[in-house]
Amino acid sequence: MAEPFIQIQGLQKAFGGKNVLNGVDLDIYRGEITAILGKSGEGKSVLLKHIIGLLRPDAGRILVEGRDLWASGGAFRKEVFRRFGYLFQGTALFDSMTVFENVALPLVERSRLGRIQVAERVHKVLELLDLHEVDDKYVSQLSGGMQKRVALARAMVTDPQVLLFDEPTTGLDPMRSAAVLEMIAEHHRKLGFTGVLVSHAVPDVLYICQRVAFLNEGRIIFQGSPQQLAQETLPGVRQFFRTVEYQWKNPIWHAAPGQAAGPELEPSTRG
Amino acid sequence: MPLAQSHRNPLAYLGWLVIFPIQDMGRQAIFFGKSFVLVFAWPWQFGKILAQMHFIGFKSLLVVCLTGAFTGMVLGLQGYYTLARFGSEGILGTAVALSLVRELGPVLTAFMVIARGGSAMAAELASMRISEQIDALTTMDIHPIRFLVSPRLVAAVLCFPLLTAIFDFIGIMGGYLSGSVLLGLGSGVYFSSVESGVRMIDVSGGFLKSLVFALVAINTCCFRGYFAHLSPAGFGSKAVALATTGAVVQSCVLVLFADYILTSFLL
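Structure representation (structure tokens):
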């Protein structure tokens, strides 16, 4: 197997004396989408922030192409910031700027592109994400789903090699949620970026990723393909999927007598 | 150690009370150093500096003019009646002008800009911090201090002396209005007293103070907002409120402290 693009080794992090990550070991491979699953509050977003260098580990290492993120100096971390894109869970859009200004910001501040070229790039990515005639709108004037897509546009506008998605579908309706995941899969096929995706959108997210990691009690207890995950018998993993499966088969709406309550969980060819 | 945990142990709390302010001062000094050095980082941010000059300078103009006018008028009234007791009302112009140029001009201008602009800066940066907008800048390889703080610092350094000059001028005219127009002191007496009493060193000292106050006030307000998430007493929207209040109170106290230090050297 090829050398991992990003390696996380023995990562530990505590906040206020409470251990959040207790020695995470994870390999992320070039050109693949890796989904990080786990219960809420397990530290998935904290792990993602460590990968890009927003948080410094208490112990352990993060290697990007074999180089230690924190031992290789500030210039290397800047390089990582330039090569990575990050979609925040809460979008983190600049609410005092318009949609156009938000998406154009990394290009205006970092690239030497002229105004016309910046506008072309921004409009191209907005079109791709189905965002029409919203250039002049402020973030607060958009729906939650549109805000997510604008944040995605901002993360993608610089064509980063690695895209980190922190719950890209949270707060979206099921159709939009599926559309966003399909869009990520489609762009991954076209552009071939390396993706790390934290999500609760199980099982949908499993259709678009090539690898899955399962975070439980501050450690990665499973990493492998989605097919391997389906066969996994570890108690933490099975408990999580039993809950998902139960909710899917026994939804809170009541099925009419004689009707199935929900579709069976079958892997599809989607994505 | 966070405040909540240190409260459980009185000894730890005592230690926290000593260590936290020292850490805070160190952090503030480093923050100022970074924001100052990043002013000179290429490419220069002329557009952002102009926008901040509009916000700090132009939009503070009305409040500075009003404060200057009323301060000068009060000084004219108080000065006239006090000096008249000793038959010295002829030096009213000197008394009003020196009070304004040396002390009240720079200090009250700084207070007005802190109240109007500094509080807004602290609140804006604090809400950017808690909504992860500052982290977003970092992930885009845009230095947040260079992007958010350095243009404000330059704009303040350019605007504070200009606003102080306007405050002084309006204040002197306010003193003329109450002392000469209302109370009958000859206008020639008033203005010749202004001219003879104020020396160049008084004016340059006042401008030096306004430059220092600009750095102290804007750095403090931006620092409080930028590190709102480290506030030991509140999170979320409460952290924004505390950052704003802390910014105004701390920068006003620091301006008065700096005023005393500078005055003791200038006299």
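These protein sequences, in sequence, are chains Z and E.
For the first sequence, position 37 (counting from the first letter as 1) is numbered 36 according to numbering that gives the first Met the number 0, and the numbering increases by one without interruption.
For the second sequence, position 230 (counting from the first letter as 1) is numbered 229 according to numbering that gives the first Met the number 0, and the numbering increases by one without interruption.
Glycine included, each C-beta is placed from N, C-alpha and C at the ideal position.
For clarity, every value in this text was computed on a predicted model and none was experimentally measured.
- Residue pairing by DSSP places F222 (chain E) in no beta bridge whatsoever.
- At a cut-off of 8 angstroms between beta-carbon atoms, M139 (chain E) makes contact with chain Z.
- Looking at the DSSP output, A58 (chain Z) shares a beta bridge with Z:Q11.
- Taking 8 angstroms as the threshold, the shortest C-beta distance from S59 (chain E) to chain Z does not fall below it.
- Interface flag for E131 (chain E) against chain Z is set, since a Cβ pair is found closer than 8 angstroms.
- In this structure, the alpha-carbon of R66 (chain Z) lies about 16 angstroms from that of V161 (chain Z).
- Look at the segment 69-81 of chain Z: the residues with a C-beta under 8 angstroms from a C-beta of chain E are K77, F80, R81.
- R26 (chain E): member of the alpha helix (DSSP H) spanning 9-36, first to last residue.
- For a Cβ distance threshold of 7 angstroms, residue set T138 of chain E lies close to Y85 (chain Z), ordered along the chain.
- If you check the CB distance, S209 (chain E) and P160 (chain E) come in under 8 angstroms.
- Taking a cut-off of 8 angstroms on C-beta distances, the segment 98-118 of chain E does not touch the segment 69-76 of chain Z, as fewer than three cross pairs fall below it.
- For a cut-off of 8 angstroms, the C-beta gap from L184 (chain E) to L91 (chain E) is around 6 angstroms, short enough to register as a contact.
- By alpha-carbon distance to A103 (chain Z), the top candidate from Z:A154, Z:E132, Z:S139 is Z:A154.
- Three or more Cβ pairs closer than 8 angstroms define a contact, and the segment 128-140 of chain E falls short of that threshold against the segment 167-174 of chain E.
- Residue E:V254 holds the alpha-carbon nearest to the alpha-carbon of V211 (chain E) among E:V188, E:V254, E:S192.
- Judged by beta-carbon spacing, R237 (chain Z) lies beyond the 8 angstroms limit of Q222 (chain Z), meaning their Cβ atoms are not closer than that value.
- By the Cβ test, the segment 89-100 of chain Z is in contact with the segment 139-146 of chain Z, since at least three Cβ pairs between them sit closer than 8 angstroms.
- Contact annotation: D165 (chain Z) and L86 (chain Z) have beta-carbon atoms nearer than 8 angstroms.
- Rounded to whole angstroms, the gap between the alpha carbons of V98 (chain Z) and D129 (chain Z) is 13 angstroms.
- Residue nearest to A34 (chain Z) within the set Z:R81, Z:D203, Z:P159, Z:G217 is Z:D203 (criterion: CA-CA distance).
- Under the 10 Å beta carbon count, F264 (chain E) is surrounded by fewer than 16 other beta carbons and is classified as exposed.
- From the listed residues Z:E108, Z:I219, Z:A212, the smallest Cα separation to Q226 (chain Z) is found for Z:A212.
- Rounded to whole angstroms, L65 (chain E) and L182 (chain E) show a C-alpha spacing of 21 angstroms.
- Straight-line spacing of the CA atoms in H187 (chain Z) and G30 (chain Z) works out to 8 angstroms.
- Those residues of the segment 227-257 of chain E placed with their C-beta closer than 8 angstroms to a C-beta in chain Z do not exist.
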